[in-house]
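From first to last, the protein sequence lines stand for chains A and B. For reference, each letter of the first sequence is one residue, going 0 to 290 in numbering that gives the first Met the number 0. For reference, each letter of the second sequence is one residue, going 0 to 304 in numbering that gives the first Met the number 0. Structure first, commentary second.
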Amino acid sequence: MSAELAQFLLSGLTVGAIYALVALGFCIIYNASHVINFAQGEFVMIGGMATASLLGAGLPLAFAALGAVALAALVGMALARFAVQPARGASVVTLIIITIGAAILLRGLASIVWDKRIHALPAFSGDQPINVAGATLAPQSLWVIGVTALAVAALWGFFNRTLTGKAILAVSHNRLAAQLVGISVQRVLLVSFALSAALGALAGILIGPITFTSWDVGLLLGLKGFAAAILGGMGSGPGAVVGGLTLGLLESLGAGYLSSAYKDAIAFIVMLAVLMLMPGGLLGGRATERV
Amino acid sequence: MRGLLALAAVVALAPLALANNYHYEIAILVGLNAIVCVGLNLLIGYAGQVSLGHAGFFGIGAYGSAILAARYGWPPLASLAAATAAAALLAWIVGRPILRLRGHYLAMATLGLGIIISIVVTTEDRYTGGPDGMSVPPLALAGFTLAGERAWYWLVGLLLVATVWLSLNLIDSPVGRALRALHGSEVAAEVAGIDSARHKLLAFVLSAAIAALAGALTAHYAGFITPGKVSFLHSIELVVMVVFGGMASTFGAVVGAAVLTALPQLLTVFKEYEMVVFGGVMMLTMIFMPKGLVPTLAALAGRRR
Chain A
0 MSAELAQFLL SGLTVGAIYA LVALGFCIIY NASHVINFAQ GEFVMIGGMA TASLLGAGLP
60 LAFAALGAVA LAALVGMALA RFAVQPARGA SVVTLIIITI GAAILLRGLA SIVWDKRIHA
120 LPAFSGDQPI NVAGATLAPQ SLWVIGVTAL AVAALWGFFN RTLTGKAILA VSHNRLAAQL
180 VGISVQRVLL VSFALSAALG ALAGILIGPI TFTSWDVGLL LGLKGFAAAI LGGMGSGPGA
240 VVGGLTLGLL ESLGAGYLSS AYKDAIAFIV MLAVLMLMPG GLLGGRATER V
Chain B
0 MRGLLALAAV VALAPLALAN NYHYEIAILV GLNAIVCVGL NLLIGYAGQV SLGHAGFFGI
60 GAYGSAILAA RYGWPPLASL AAATAAAALL AWIVGRPILR LRGHYLAMAT LGLGIIISIV
120 VTTEDRYTGG PDGMSVPPLA LAGFTLAGER AWYWLVGLLL VATVWLSLNL IDSPVGRALR
180 ALHGSEVAAE VAGIDSARHK LLAFVLSAAI AALAGALTAH YAGFITPGKV SFLHSIELVV
240 MVVFGGMAST FGAVVGAAVL TALPQLLTVF KEYEMVVFGG VMMLTMIFMP KGLVPTLAAL
300 AGRRR
């Protein structure tokens with residue numbers, strides 16, 4: 000394997016892990032409420048920006064990161080409680096506009112509460128690059144991939160081993176039936192928004208040392224995570240992970256071998272192609288509609 | 000018909016309230032956005048198909064006409080027509096596979112399309128001037144140049160009335176009834192013998208062509224165009240105008256365009272809070288008036304009576 004190819008694969012996997020986290024966030028909210036949350040990217044921004052500002056206040060990294068994740072989870076719950084719940088039963092386009100409105104609101108708040116400058120988080124464990132098959136790997140990439148793997152494992156456990164996780168799955172399969180066995184749909188909505196906000200914030204913290212963070216990073220990251228979710232199959236958890244990693248690799252290889260100017264377009268070309276040719280995505284089931 | 004006359008009267012009498020060129024400028028922008036929204040409303044409000052990528056078509060009209068006129072020396076009217084036709088053609092080609100999708104999936108596909116167009120516009124800076132934008136020659140025909148706020152006001156006002164007239168007629172025609180049937184239930188419409196694919200495609204192509212025409216006019220009027228007009232956020236602004244004014248209400252689309260074009264001008268008093276207020280207004284109107292302004296007010300007035 001040439002060193003160049005190894006380099007592209009490594010950076011693709013790193014970015015792909017981030018896309019996977021964002022896509023998982025989309026997926027959890029979509030399953031619990033059938034809402035596409037366009038504010039998902041803003042959670043990523045909140046994660047990075049809040050960590051940067053807490054670090055600036057003198058907190059150690061671990062506490063700053065925890066604080067940022069908690070803040071994002073709170074914002075997520077507020078979004079569910081005050082914006083999504085009151086609009087239950089509204090049309091697709093109405094819900095889309097509500098979450099986009101929330102994204103604009105959060106971005107505006109971030110630019111006021113924090114600032115409009117670009118912040119770099121320090122790497123978690125130094126900048127000494129590691130040599131892998133002729134390619135250089137930043138230690139932060141290992142953090143990104145490792146923590147993402149842990150988060151995915153924890154999510155698997157949550158959805159398969161805990162009562163709350165199973166309740167969320169039940170609601171996503173059949174709302175009414177879930178209500179009939181005594182599951183509070185409201186609580187499920189709150190938990191799933193908090194969870195996916197926390198995942199988004201985690202992504203923002205992990206990638207902070209590599210791509211930097213600022214008040215307006217949420218839009219593009221959110222939309223790409225969204226393309227990853229579609230590629231994997233909307234609503235499928237394993238699909239979100241596979242979709243995220245695949246998209247990261249495609250983007251990195253495409254930018255390396257085809258055109259770096261069109262790097263950002265790759266995600267959307269892939270998304271459009273998937274929607275036209277196999278709307279179910281890589282791992283999604285065939286959609287059927289009840290009449 | 001009464002509504003159309005009322006709109007014509009508003010367009011004809013509005014200059015009495017317009018004191019200076021800045022007022023005229025806002026009125027012209029309102030008119031151009033209203034034209035886009037009346038077209039988009041055919042797609043979103045009547046056919047029930049969400050598009051989050053119409054700024055892309057707007058951009059093809061604007062940049063297409065600008066590039067043909069400025070870089071290749073085409074007469075502006077020919078470039079305007081060619082750019083509009085190009086956007087309609089693209090909508091026709093892409094619309095066939097895309098419109099098979101429903102709900103969220105359609106929204107995502109149009110979103111992807113819009114973003115790809117905006118990335119192409121920003122990247123191909125040899126033609127488009129890249130992120131800095133490009134200047135656009137004024138509209139001219141046979142040596143006569145359309146210049147000045149007043150002349151533009153009458154052109155845009157006339158076009159707006161014509162677009163609304165076209166839209167109202169279309170909605171009352173068999174095609175319009177077919178579109179509304181689709182919105183209600185696609186399956187039921189098909190059972191009643193409506194070719195749903197063809198009608199959805201028609202609404203898509205028509206709304207794209209109208210957006211492109213308005214885009215080309217906006218570019219020639221302003222004399223300058225930047226990629227911001229092609230961005231995802233502009234697509235959202237257009238959809239918000241339609242939904243805010245009221246889906247499936249042609250006059251709602253006009254009102255929505257007027258309010259949301261004027262709003263940012265008013266919001267400048269909030270300075271750094273502008274985005275917060277804009278986002279908040281978007282959320283609150285959708286939560287408390289999911290049907291939009293005009294239908295909600297109409298329902299209120301109906302209840303009073």
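Every residue gets a Cβ at the ideal spot worked out from N, C-alpha and C, and that includes glycine.
query: What number of angstroms, rounded off, separates the C-alpha of B/TYR126 from the C-alpha of B/ARG70?; result: 8 Å
query: Can you say whether B/THR144 is buried or exposed, counting buried as having 16 or more other CB atoms within 10 angstroms of its CB?; result: exposed
query: For B/VAL307 versus B/GLY55, is the C-beta spacing smaller than 8 Å?; result: Nothing about residue 307 of chain B can be read from this structure; chain B reaches only from 0 to 304.
query: Return the chain-ordered list of same chain residues with a C-beta closer than 6 Å to the C-beta of B/TYR220, the five sequence neighbours on each side being excluded.; result: TRP151
query: Quick one: what's got a C-beta closer than 6 Å to A/ILE129's C-beta in the same chain, skipping five residues either side?; result: LEU136
query: By the 10 Å Cβ neighbour count, where 16 or more other Cβ atoms means buried, how is A/LEU188 classified, buried or exposed?; result: buried
query: Alpha carbon to alpha carbon, what distance is there between B/ILE97 and A/ALA61?; result: 46 Å
query: Distance check for A/PRO208 and A/TRP142, CA to CA, integer angstroms please.; result: 11 Å
query: Roughly how many angstroms lie between the CA atoms of B/LEU112 and B/VAL160, to the nearest whole one?; result: 30 Å
query: Only counting the same chain, and skipping five residues up and downstream in sequence, which positions put a Cβ closer than 6 Å to that of B/GLU189?; result: SER195
query: Determine, for A/VAL91, whether the minimum Cβ-Cβ distance to residues of chain B falls below 8 Å.; result: yes
query: Determine, for B/GLY245, whether the minimum Cβ-Cβ distance to residues of chain A falls below 8 Å.; result: no
query: Label A/MET277 either buried or exposed according to how many other C-beta atoms from any shown protein chain fall within 10 Å of its C-beta, with 16 as the threshold for buried.; result: exposed
query: Between the C-alpha atoms of A/PHE225 and A/LEU58, what's the straight-line distance to the nearest angstrom?; result: 33 Å
query: In this structure, what does DSSP give as the bridge partners for A/LEU136?; result: A/ILE129
query: Ends of the alpha helix (DSSP H) at A/HIS33?; result: No alpha helix (DSSP H) holds A/HIS33; DSSP gives it neither H nor E.
query: Determine whether the Cβ of B/GLU271 lies closer than 8 Å to any Cβ atom of chain A.; result: yes
query: Could you tell me which chain B residues have their CB closer than 7 Å to the CB of A/ARG297, listed as they occur along the chain?; result: The first residue shown for chain A is 0 and the last is 290, placing residue 297 of chain A beyond what the model contains.
query: Looking at the strands, I want to know which residues DSSP matches up with A/THR212.; result: A/HIS118
query: For B/PHE223, name the three-state secondary structure that DSSP assigns.; result: strand
query: Between A/ILE182, A/PHE158 and A/ALA63, which has its C-alpha nearest A/GLU123's C-alpha?; result: Residue 123 of chain A is actually Phe in this sequence, not Glu. Nearest C-alpha to A/PHE123: A/ALA63.
query: Mind listing which residues of the stretch 99 to 125 of chain B have their C-beta closer than 7 Å to chain A's C-betas, in chain order?; result: LEU100, GLY102, HIS103, TYR104, ALA106, MET107, ALA108, GLY111, LEU112, ILE114, ILE115, ILE118 and THR122
query: With 16 other CB atoms within 10 Å as the buried threshold, where does B/HIS316 fall?; result: Here chain B comprises residues numbered 0 to 304, so residue 316 of chain B is not present and cannot be evaluated.
query: Within 8 Å (strictly less), CB to CB, does A/MET76 reach chain B?; result: no
query: Could you give the uninterrupted runs of the alpha helix (DSSP H) lying entirely in the stretch 44 to 130 of chain B, keeping only those of 4 residues or more?; result: 53 to 71, 75 to 97, 102 to 122 and 124 to 127
query: If you compare alpha carbons, which of A/ASP215, A/VAL180 and A/HIS172 is closest to A/HIS118?; result: A/ASP215
query: If distances are taken between C-alpha atoms only, which option among B/ALA84, B/SER248 and B/GLY156 comes closest to B/VAL9?; result: B/GLY156
query: Once DSSP output is grouped into helix, strand and coil, what is the label at B/THR284?; result: helix
query: A/VAL68 and A/ALA200 - do their beta-carbons sit closer together than 8 Å?; result: yes
query: Given this structure, state the Cα-to-Cα distance separating B/LEU262 from B/LEU296, to the nearest angstrom.; result: 19 Å
query: Using three-state DSSP, classify B/PHE143 as helix, strand or coil.; result: strand
query: Would you mind giving the Cβ-Cβ distance between A/ILE204 and A/GLY75, rounded to the nearest angstrom? I have them listed as a contact below 8 Å.; result: Actually they do not touch by this definition, with Cβ atoms about 15 Å apart.
query: When the Cα of B/LEU17 is compared with those of B/ALA218, B/THR225, B/ILE286 and B/TRP153, which residue comes out closest?; result: B/TRP153
query: CB-CB under 6 Å to A/GLN6, same chain, minus the five flanking residues each way: which ones, in chain order?; result: ALA134
query: In whole angstroms, give me the CA-to-CA distance for B/VAL135 and B/THR121.; result: 16 Å
query: Can you tell me whether B/MET246 is helix, strand or coil according to DSSP?; result: coil
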